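Notes follow once the structure below has been shown.
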Amino acid sequence: MAAPSGAYNLIRASVATSTAITVNQVLVPALAAAEFTRAWCNQDSVTTTNQTRIQLNRNSTACTVTAQSPAALGNGMQASKAVSGTSASGITATAEGTVTATPWSEGFNIVNGILYLPVPEARWMLVGSAAGFAALKFPGAPAAANYTTGMEWLEYAG
Amino acid sequence: MGEPTVLITAAQVYSGAGVLAATIDQVDVGGGSQTVTVDGVPEERIHPASRVFHVRLLSPDRFIPDQLREAASYEAAVDLAVAYARKLDEHAGRVAELARDLEV
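Residue numbers (the numbering used here), protein chains in the order written: chain A, 2 to 159; chain B, 10 to 113.
Here it is as structure tokens:
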């Protein structure tokens, strides 16, 4: 197994959300591949029980997002190739991209939140390309709350 | 029936020293759907689609992230990438000069 060049995450922290949008987008470029190790969704503003759903998508077109750079999980890691941009890595889509596959989709109670933590054999590997978009999306409008969502991945880049 | 057409969707730009300086890729944006609730009824809305060119300016230092710029046309993307490649060459020249000056 090839050694990853680093581990990174992209976190959208405590943002008021009540519409069906893509909340996190990562563009894995042709220079790299990404193995998604974790994704999560929870909130910190309401205690009222409510069910909603979140999903990981493979998109063939970009969502228009607010640019946000991935963060390295350690100090000694090279910069992520999944750089920020309004049609690259970022948060809070204002225009949705075209979904081609949904490797993970799950309902949960917003009081508890949800964690995608696949066993290593089942991690989603995204080989980079100009259209290598990984996206975390609320497919339906969630109950209004301050949601924290994140994606974490191992990157394989030269 | 017209003539066949060639559409350039990707390119690589090298510096004068032969180092890969930038990549250019056409990227489709939008065109996806969003479910919105209007008067309690779910409604599927399709978002507008567009195209941009991603110009990835490759960082000479792997600890500094690449820069990603958007260009509206292939020509504008090439201009940006070539300007960056020229800057890389200038920078390499200055570094070489500094190294020579530091020799004792």
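Ideal Cβ placement from N, Cα and C applies to all residues, glycine included.
Just so we're clear, the structure is a prediction, and the values are computed from it rather than from any experiment.
Look at the beta carbons and you see the region 35–47 of chain A touching the region 140–157 of chain A: at least three pairs across the two are nearer than 8 angstroms.
The straight-line gap separating the alpha-carbon atoms of B/Arg65 and A/Asn51 is approximately 42 angstroms. The beta carbon of A/Asn10 lies closer than 7 angstroms to those of Pro71, Ala72, Leu74, Gly151, Met152, Glu153 in the same chain, with the five residues before and after it left out.
With fewer than 16 other Cβ atoms from the protein chains shown falling within 10 Å of its own Cβ, B/Val15 counts as exposed.
Using a CB distance cut-off of 8 angstroms, A/Ser19 does not count as an interface residue toward chain B. Against chain A, the beta carbon of B/Ile73 has neighbours under 8 angstroms at Ala80, listed in chain order. Excluding five sequence positions before and after B/Arg78, the CB atoms of its chain that fall closer than 7 angstroms to its own CB belong to Val64, Leu66, Leu89, given in chain order. Residue A/Gly86 holds the alpha-carbon nearest to the alpha-carbon of A/Val29 among A/Ala14, A/Gly86, A/Thr18. Only those residues of the region 16–42 of chain A whose C-beta falls short of 9 angstroms from the nearest C-beta of chain B are listed: Thr20, Ala21, Ile22, Thr23, Leu28, Pro30, Ala31, Leu32.
Apart from sequence neighbours up to five positions away, the residues of its chain that approach B/Gln43 with a beta-carbon distance below 6 angstroms are Arg54, ordered along the chain. In this structure, A/Ala142 places its C-beta atom within 8 angstroms of the C-beta atom of A/Thr20.
When Cβ pairs closer than 8 angstroms are counted between the two stretches, the region 119–130 of chain A is seen to touch the region 30–42 of chain A, the count reaching three or more. In the DSSP assignment, B/Val91 falls within the alpha helix (DSSP H) that extends over 83–110. Between A/Thr65 and A/Ala94, the C-beta gap is smaller than 8 angstroms, which places the two residues in contact. In the structure shown, A/Glu97 adopts coil according to DSSP, grouped into three states. With a 10 Å radius around the Cβ and a threshold of 16 neighbouring Cβ atoms, B/Ser82 comes out exposed. With at least 16 other beta carbons inside 10 angstroms of its own, A/Glu97 counts as buried. A/Asn25 has its alpha-carbon roughly 13 angstroms from the corresponding atom of A/Pro140. Of the candidates B/His56, B/Val50, B/Ala30, the residue whose Cα lies closest to the Cα of B/Gly40 is B/His56. Per DSSP, A/Ala34 is one residue of the beta strand (DSSP E) stretching across 33–44. Counting only residues of its own chain and dropping the five nearest sequence neighbours on each side, A/Ala132 has a CB closer than 6 angstroms to the CB of Ser61.
Residue contact check for A/Gly98 against chain B: a CB pair falls below 8 angstroms. For A/Thr67, the CB contacts under 7 angstroms within the same chain, skipping 5 residues up- and downstream, are Gly91, Ile92, Thr93 in chain order.
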